[in-house]
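*Asks:* Residue numbers (the working numbering): 31 to 205.
Here it is as structure tokens:
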């Protein structure tokens with residue numbers, strides 16, 4: 031599978047933003063599997079690990095990835111967003127939940143695939159602090175990162191996107 035855009039996967043941190051079916055997950059999979067026999071990668075997803083695993087395998091992408099023992103799939107906790115009780119503390123815990131695996135695995139790279147649902151902070155300063163903390167760990171362990179977000183549709187979502195872009199080396203919009 032060829033990359034749909036020319037992305038420099040060797041930079042420190044990437045942010046991919048785009049609508050549904052724009053290729054964000056496909057790009058994330060390519061990123062995760064590049065050099066998979068030499069580099070450890072954590073793939074943190076808001077979808078099912080089983081679905082992701084099937085998608086990797088069904089696309090005939092690097093068929094030996096399962097035998098490399100270097101790709102670690104993590105599912106973000108399921109949050110029922112129909113309740114108004116989802117507060118910043120819960121969202122913060124979901125995002126910071128990746129720190130322990132980073133400390134244990136010490137990956138060369140990490141993918142945060144489709145984290146848009148976990149960015150609905152009412153306190154945007156707290157969101158920025160959470161991302162700064164994540165980046166402290168990524169920098170400490172010299173871990174490259176790729177994050178994917180849905181295309182922002184509301185003004186507030188655009189503000190969140192702008193906050194996040196401050197932390198990234200490069201960002202790309204997919205269509």
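Ideal placement from N, C-alpha and C gives every residue a C-beta, glycine not left out.
When the Cα of residue 99 is compared with those of 87, 69, 148, which residue comes out closest?
*Replies:* 69
*Asks:* Which term fits residue 50, buried or exposed, when burial requires 16 or more other beta carbons within 10 angstroms of its beta carbon?
*Replies:* exposed
*Asks:* Determine the DSSP secondary structure at residue 105, reduced to helix, strand or coil.
*Replies:* Correct three-state label for residue 105: strand.
*Asks:* Along the chain, where does the alpha helix (DSSP H) containing residue 165 start, and where does it finish?
*Replies:* Boundaries of the alpha helix (DSSP H) around residue 165: 154 to 170.
*Asks:* Report the rounded CA-to-CA distance for residue 63 versus residue 121, giving the unit in angstroms.
*Replies:* Using only the alpha carbons, I get a separation of about 28 Å.
*Asks:* Are the beta-carbon atoms belonging to residue 78 and residue 105 less than 8 Å from one another?
*Replies:* yes
*Asks:* Please name the residue in 139, 165, 170, 180 whose C-alpha comes closest to that of residue 148.
*Replies:* 180
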